[in-house]
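A.B. asks: I have a structure I would like to understand better, so I am pasting it below and will then ask my questions one at a time.
Protein chains: 2
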Amino acid sequence: MSRALNDAPHVSEAVRRKVKEAAAALDYHPNLAAQSLIARRSYLIGLTYERPSPSYVVELQNGALGRLENERYRLVVLPFNHVASRPEELGKLLLRAGLDGVLLAPPACDQPVLLDMIERQRLPYARITPHSDLDRGLVVAMDEVAAGHTVATHILSLGHRRVGIILGDPSHAASRGRLEGYRQAFDEAGVAIDDSLVGTGDFTYDVGYRVARELLDGPLRPTAILAQNDDMAVAAIAAARDFGLSVPQDLSVAGFDNSEVSRTAWPPLTTVHQPVREMAWDAANRLIAMLDADTDGDAPRRRDHLHELLVRASTAPPSSTG
Amino acid sequence: MSRALNDAPHVSEAVRRKVKEAAAALDYHPNLAAQSLIARRSYLIGLTYERPSPSYVVELQNGALGRLENERYRLVVLPFNHVASRPEELGKLLLRAGLDGVLLAPPACDQPVLLDMIERQRLPYARITPHSDLDRGLVVAMDEVAAGHTVATHILSLGHRRVGIILGDPSHAASRGRLEGYRQAFDEAGVAIDDSLVGTGDFTYDVGYRVARELLDGPLRPTAILAQNDDMAVAAIAAARDFGLSVPQDLSVAGFDNSEVSRTAWPPLTTVHQPVREMAWDAANRLIAMLDADTDGDAPRRRDHLHELLVRASTAPPSSTG
DNA sequence: CCTAATTATGTCAACGTTTACCGTTTTGTC
DNA sequence: GACAAAACGGTAAACGTTGACATAATTAGG
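Sequence lines, in order, name chains A and B. Its first residue numbered 878, the first sequence is counted upward by one per residue in this note's numbering. Its first residue numbered 878, the second sequence is counted upward by one per residue in this note's numbering.
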């Protein structure tokens, strides 16, 4: 009888114990489908993301799992590539997955079409570091502009003036936000951004490597490179090595994300710590709070997490010969 | 009516079309809990693994997801640390998760207690690269001994004789298997393994770094290091740098796994490609074949995948001064 | 044109829980 | 010891599908 196992009131201790013993003896496990059916809950939380670096995915996942650990909720992973070009497909996938709620990482969290779909079906969702429509749904954010500003200021204050920039995938709004932060820092320092030193990557090592080579091979070789994630920053270091440049003496390189590779690279990367794990935890936390409360009115809908500049060995003042 | 939507026979085209239109208009989605209840299936596949490198996790996950992509099955991730010391807890977790089947990565796949539990509850499972009880359950394997043999032979054939070894976590049977392969190769070459040059790591960068420093600081500095995964191999390169040794001139380093870091490290690592993604795909494939067939008799229970030695720039013959 | 076969549609039990309800027993109070 | 109140245990409806079965409508064959 369900009352005994679920510690409901109005049941004697003796009976409760006997039932629990019998259940244990028979290795009885309640049927989750039946429970779901009656509770109108699947106790499944979805996590959708798009092909970024392994360390990012794992951080994201671990953050969410950390919050779910002692809950009934389970995490279903639903990676999906090229959301920008086919948001409805992802929407269908999510709606068919029978989820109670979904965590949307970039760039899916910035697809209005997708948000429309899942709102229409009343599927609760939390957005991790979105960059548009910040008033929609639960939002867990990092101020990308401020983060970009911080790292660019670091480079400029070291004295660099010819600064190369490797942008991330243009479909990720993070790329634009960080660039905007760079711009502000450059403006404040009275330095102009040289468009010929701005290259577009896609957050992968390989493309980052190609773009870095182009920057270093150009007429105005930069003395520093701002890469929009760590993988591309590591690629820039590899490219520098090809040109016989040592980091940070001949070229400073700064990354973004504080991923594992930024620690294990040589030299260790100056980077910006994105508290991905904490943000994912927070997103899961707020999502399940909303699910369990069965109300979505009161809680603050947006929460900002702080970035942190980690100055390591890959940045230094430009050499006098530079 | 379910007949119309599920394309069952005995329903007129006209009715079928009308029902489907109405369903689409109302954004109707069948309730998965009710379907699960009657089908006695949750259409959930679990994946459990233990805190290894991000790239390994992502490969594993992507392999499994690749197979599940166009199936009804969804993937639930269930990482779990320190299985060796508490296998029953993982067993309970898995049994309570309401899964149709589970993919077990190391070291969970080598816990007899765990296998006993999930067998008793008739939870189908596939084991990815297990090392003991190879006749239990569905097995997707790589011959670790052969792989260890291959990489050790490579190092020996370059002429190295003083070879340091950094083992992985002892609770992973892979560590023992690879070491056994090293032994065979050393025996064949008539070279003895110097126990003072064997250190025990745990597959992490940090511990690998510490162990590598100890090896390089000892009385008999090795001319080559065999690390049992790439993260520790990269750590060994960093340690070598601390001692003013360049790789591969003064020290050869070989890793294991062909993880992303092995490509992006400098110099790029000689390593052994473990077809993790393919094995995970295969494990998922065989598992769902078993689930869908509702029989577990006929298919071969074990399948071996091939390793591949990738010789890159981190290994070279020992310098004459060595 | 009638019967039989075929095809289409409607009905209802079943899946395994939870919860509300109702009847019974125990406990407490005067 | 009688009564009210509280505690307990049993029963049955409900959750949203599927699939077996029954019934109704159509078609084919004699």
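For glycine and all other residues, C-beta sits at the position ideal for the given N, C-alpha and C.
Under 8 Å, Cβ to Cβ, is there at least one residue of chain B near A/P931?
C.D. replies: Yes, contact with chain B.
A.B. asks: Give the DSSP-derived three-state secondary structure of B/S1136 in the structure shown.
C.D. replies: In the structure shown, B/S1136 sits in coil (DSSP, three-state: anything other than H, G, I, E or B).
A.B. asks: State the Cα-Cα distance for the pair B/N908 and B/D1134, rounded to the nearest angstrom.
C.D. replies: Approximately 42 Å, taken between the alpha carbons.
A.B. asks: State the start and end residues of the unbroken beta strand (DSSP E) segment that holds B/L909.
C.D. replies: Note, B/L909: premise wrong, no beta strand (DSSP E); alpha helix (DSSP H) at L909 to A916.
A.B. asks: For A/I915, count neighbouring C-beta atoms within 10 Å of its own C-beta (all shown protein chains included) and say buried if the count is 16 or more, exposed if not.
C.D. replies: Counting Cβ neighbours within 10 Å, A/I915 comes out exposed, since fewer than 16 surround it.
A.B. asks: Can you tell me the Cβ-Cβ gap for A/I1042 and A/V990, rounded? I've got them flagged as a contact below 8 Å.
C.D. replies: 30 Å between Cβ atoms; not a contact.
A.B. asks: Can you grab the Cα-Cα spacing for the pair B/R973 / A/H906, in whole Å?
C.D. replies: Looking at the two C-alpha atoms, the distance is approximately 7 Å.
A.B. asks: Just the C-alpha distance for B/Y933 and B/Y926, rounded to the nearest angstrom, thanks.
C.D. replies: One C-alpha to the other measures close to 10 Å.
A.B. asks: Counting only the same chain and skipping the five closest in sequence on each side, list residues whose C-beta sits under 6 Å from that of B/F1063.
C.D. replies: Cβ within range, chain order: I1070.
A.B. asks: Start and end of the beta strand (DSSP E) containing B/H1150?
C.D. replies: Counting along the chain, the beta strand (DSSP E) containing B/H1150 begins and ends at T1148 to H1150.
A.B. asks: Let me check understanding here. Comparing Cα to Cα, which of A/T1147, A/L1092, A/E898 and A/H1037 lies closest to A/A1116?
C.D. replies: It is A/L1092.
A.B. asks: DSSP has A/H1182 in a bridge; who is on the other side?
C.D. replies: Answer is A/M1019.
A.B. asks: For A/Y933, name the three-state secondary structure that DSSP assigns.
C.D. replies: DSSP places A/Y933 in helix when its eight states are reduced to three.
A.B. asks: Taking only runs that begin and end inside the stretch 1090-1120 of chain A, name each unbroken beta strand (DSSP E) of 3 or more residues, in chain order.
C.D. replies: Complete beta strand (DSSP E) runs here, min 3: 1101-1104.
A.B. asks: Which chain A residues are close to B/W1158, counting only those with a beta carbon under 7 Å from its beta carbon?
C.D. replies: Result: empty, since nearest Cβ-Cβ is about 15 Å, beyond 7 Å.
A.B. asks: With burial defined as no fewer than 16 other Cβ atoms inside 10 Å of the residue's Cβ, what is the status of A/R894: buried or exposed?
C.D. replies: With fewer than 16 Cβ atoms within 10 Å of its Cβ, A/R894 is classed as exposed.
A.B. asks: Do the stretch 963-978 of chain A and the stretch 934-949 of chain A make contact, defined as three or more Cβ pairs closer than 8 Å?
C.D. replies: With a cut-off of 8 Å, the stretch 934-949 of chain A and the stretch 963-978 of chain A do not count as touching, because too few Cβ pairs lie within range.
A.B. asks: Using only the alpha-carbon positions, how far apart do B/A1113 and A/A1193 sit?
C.D. replies: Going by the C-alpha atoms only, they are around 26 Å apart.
A.B. asks: Identify, in the order they occur along the chain, each residue of the same chain with its Cβ nearer than 6 Å to the Cβ of A/A1190, setting aside the five sequence neighbours on each side.
C.D. replies: Counting only Cβ-Cβ distances below 6 Å, and skipping sequence neighbours, we find P1144 and P1145.
A.B. asks: Using beta carbons (cut-off 8 Å, strictly below), is A/H1184 in contact with chain B?
C.D. replies: A/H1184 does not count as touching chain B.
A.B. asks: Please confirm whether A/G1085 and A/A1101 have their CB atoms less than 8 Å apart.
C.D. replies: Taking 8 Å as the Cβ cut-off, A/G1085 and A/A1101 do not qualify as a contacting pair.
A.B. asks: Please confirm if B/Q1105 has its CB atom under 8 Å from at least one CB of chain A.
C.D. replies: No, B/Q1105 does not count as interfacial toward chain A.
A.B. asks: Where do the ends of the beta strand (DSSP E) carrying B/A1190 lie?
C.D. replies: B/A1190 -> no beta strand (DSSP E), and no H or E assigned at all.
A.B. asks: For the stretch 919-950 of chain B, which residues have a beta carbon sitting closer than 7 Å to at least one beta carbon of chain A?
C.D. replies: Here the close residues are S919, P931, S932, V934, V935, Q938 and L942.
A.B. asks: Near A/N958, which residues of its chain fall below 8 Å by C-beta distance, leaving aside the five closest residues on each side in sequence?
C.D. replies: Excluding positions up to five away in sequence, the list reads E927 and R928.
A.B. asks: What are the boundary residues of the beta strand (DSSP E) that A/G1041 is part of?
C.D. replies: Segment V1040 to L1044, the beta strand (DSSP E) holding A/G1041.
A.B. asks: Kindly identify the DSSP beta-bridge partner or partners of A/Y1002.
C.D. replies: A/Y1002 pairs with A/V979.
A.B. asks: Span of the alpha helix (DSSP H) holding A/V1153?
C.D. replies: A/V1153 -> alpha helix (DSSP H) spans V1153 to A1170.
A.B. asks: Using beta carbons (cut-off 8 Å, strictly below), is B/D904 in contact with chain A?
C.D. replies: Cβ-Cβ to chain A under 8 Å: yes for B/D904.
A.B. asks: In chain order, what residues of the same chain have a beta carbon less than 8 Å from the beta carbon of A/I1165, not counting five sequence neighbours either side?
C.D. replies: Within the same chain, A/I1165 has close Cβ partners I922, R944, L945, E948, Y950 and G978.
A.B. asks: Spatial neighbours of B/Q1151 within its chain, please: CB distance less than 8 Å, with the 5 preceding and 5 following residues excluded, ordered by chain position.
C.D. replies: Cβ neighbours of B/Q1151 beyond the five flanking positions: T1006, M1019, A1024, F1133, D1134, N1135 and H1184.
A.B. asks: If I'm right that B/N1162 touches B/S930 with Cβ under 8 Å, what's the distance once you round it to whole angstroms?
C.D. replies: Rounded, the Cβ-Cβ distance is 24 Å, inconsistent with contact.
A.B. asks: In whole angstroms, give me the CA-to-CA distance for A/R1038 and A/V1068.
C.D. replies: A/R1038 and A/V1068: Cα-Cα distance of roughly 7 Å.
A.B. asks: Give me the chain A residues within the contact set of B/Y1082, using Cβ-Cβ distance strictly less than 8 Å, ordered along the chain.
C.D. replies: Those within 8 Å of B/Y1082 in chain A are E1137, R1140 and T1141.
A.B. asks: Who are the Cβ neighbours of A/L1095 in its own chain at under 7 Å, not counting the five residues just before and after it?
C.D. replies: Per the sequence presented here, residue 1095 of chain A reads as Gly, with Leu not at that position. So the list reads S1073, once near-sequence residues are dropped.
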